[in-house]
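The structure under discussion appears below in the form of structure tokens.
Protein chains in written order, with the numbering used here: chain A, 1 to 115; chain B, 116 to 228.
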């Protein structure tokens, strides 16, 4: 099976702009989660989508949003970018039928730099 | 408030010896724990997990131990190999929020040849 793919891999934006990141989960996986990784805060949970519905949400401002399509692909959007949004954004997918409870498979990430 | 803590930022061990990576948590609602390994420019890769109903889980060279009363878990790698050099993250989740993983800040393991 192909792994989790994320596009683009690298992105440079300026403050105030908005950005959309894309994630394609492993085939058959219906749950997609997003995480932000920064040197200071480590890996932090943004939100999780399952069957096109947001099921869990982390402690991030409303500028961070996401959605999931019927084919389980997911996008996350960050509006009004701030310098502090510079980070590695990771997407992970999981299958509820997996024998490994809650095992999540991560993509390579999108490196966002805000100037 | 950091609910999952990996207090040592780095660890260096000799090839062939045991690596012990520690993790502490504060949220008593956590009932499932995972270890991930991460190389630069790649996403985390799942290594091993343990449910709170167990105190040990083994997979090849990797063993995870869970001490619920101390809210402590550890990852043992025996024998350590140079290819094990990476950043290791401890993560936890709780029933009802299964896909929300709370991560520690990671520990950098260096295995010297």
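Glycine included, every Cβ here is placed at the ideal spot set by N, Cα and C.
Per DSSP, cross-strand counterpart(s) of residue i
i: residue 116 (chain A); result: Absent from the structure is residue 116 (chain A), since the part of chain A shown begins at 1 and ends at 115.
i: residue 173 (chain B); result: B:178
i: residue 222 (chain B); result: B:203
i: residue 49 (chain A); result: A:32 and A:54
i: residue 60 (chain A); result: Residue 60 (chain A) is not bridged to any residue.
i: residue 140 (chain B); result: B:119
i: residue 227 (chain B); result: B:129
Minimum Cβ-Cβ distance from residue i to chain A less than 7 Å
i: residue 130 (chain B); result: no
i: residue 159 (chain B); result: yes
i: residue 171 (chain B); result: no
i: residue 215 (chain B); result: yes
Minimum Cβ-Cβ distance from residue i to chain B less than 7 Å
i: residue 84 (chain A); result: no
i: residue 109 (chain A); result: yes
i: residue 106 (chain A); result: yes
i: residue 22 (chain A); result: no
i: residue 97 (chain A); result: With a pLDDT of 49 at residue 97 (chain A), under the threshold of 50, the predicted position of this residue should be treated as unreliable, though the coordinate-derived value follows. No, residue 97 (chain A) lies away from the interface with chain B (no Cβ there is under 7 Å from its Cβ).
i: residue 114 (chain A); result: no
i: residue 11 (chain A); result: no
i: residue 81 (chain A); result: no
Under 8 Å from the C-beta of residue i: neighbouring residues of chain B
i: residue 28 (chain A); result: In chain order: nothing, as chain B lies at least about 16 Å away.
i: residue 55 (chain A); result: 214
i: residue 94 (chain A); result: 214
Where residue i meets chain A, residues with beta-carbon distance less than 9 Å
i: residue 218 (chain B); result: 35, 37, 42, 43, 44 and 45
i: residue 177 (chain B); result: The contacting residues do not exist; residue 177 (chain B) stays about 14 Å from chain A at best.
i: residue 221 (chain B); result: 42 and 43
Chain-ordered chain A contacts of residue i [CB-CB under 7 Å]
i: residue 61 (chain B); result: With chain B covering only 116 through 228, there is no way to say anything about residue 61 (chain B).
i: residue 204 (chain B); result: 43
Residue i CB to nearest heavy atom of the ligand HEM below 6 Å
i: residue 144 (chain B); result: By its list of ligands, the structure shown contains no ligand whatsoever, and the ligand HEM lies outside what it can speak to.
Close beta carbons around residue i, own chain, < 7 Å, minus the five adjacent residues each side
i: residue 210 (chain B); result: 146
i: residue 228 (chain B); result: 130 and 197
i: residue 98 (chain A); result: Note that residue 98 (chain A) scores a pLDDT of 43, beneath 50, so its modelled location is shaky and nothing firm can be said.
i: residue 44 (chain A); result: 35, 36 and 58
i: residue 8 (chain A); result: 110
i: residue 220 (chain B); result: 121
i: residue 174 (chain B); result: 163
i: residue 50 (chain A); result: 30 and 31
i: residue 56 (chain A); result: 47 and 48
Contacting residues, own chain, Cβ-Cβ under 8 Å from residue i (five flanking each side not counted)
i: residue 122 (chain B); result: 137 and 139
i: residue 11 (chain A); result: 19, 21, 110, 111, 112 and 113
i: residue 95 (chain A); result: 26, 28, 29, 30 and 31
i: residue 214 (chain B); result: 208
Per-residue contacts from residue i into chain B (C-beta, under 9 Å)
i: residue 52 (chain A); result: Those within 9 Å of residue 52 (chain A) in chain B number zero; the least Cβ separation is about 15 Å.
is_contact[residue i, chain D] using C-beta, thresh 7 Å
i: residue 48 (chain A); result: Absence of chain D from the displayed structure is noted, the protein chains being A and B.
Proximal chain B residues relative to residue i, where beta-carbon distance stays under 7 Å
i: residue 31 (chain A); result: 214
Proximal residues to residue i (C-beta, below 6 Å), its chain only, five neighbours per side dropped
i: residue 181 (chain B); result: 165, 170 and 188
i: residue 217 (chain B); result: 118, 119 and 207
i: residue 148 (chain B); result: 165, 188 and 207
i: residue 100 (chain A); result: Here the model assigns residue 100 (chain A) a pLDDT of 45, short of 50, so the residue's position is not dependable and the matter cannot be decided.
i: residue 69 (chain A); result: none
Worksheet item: With a cut-off of 8 Å, do at least 3 Cβ pairs link the segment 145–154 of chain B to the segment 193–202 of chain B?
Response: yes
Practice prompt. Taking 8 Å as the threshold, find out whether the segment 181–201 of chain B comes into contact with the segment 27–37 of chain A through three or more Cβ pairs.
Written response: no
Practice prompt. Flag this pair as touching only if the segment 85–94 of chain A and the segment 17–32 of chain A have three or more C-beta atom pairs under 8 Å; answer yes or no.
Written response: yes
Practice prompt. Decide yes or no for the touch test of the segment 126–137 of chain B against the segment 108–115 of chain A: beta carbon pairs closer than 8 Å, at least 3 of them.
Written response: no
Worksheet item: Would the segment 78–86 of chain A and the segment 9–18 of chain A be scored as touching if the rule is three or more Cβ pairs under 8 Å?
Response: yes
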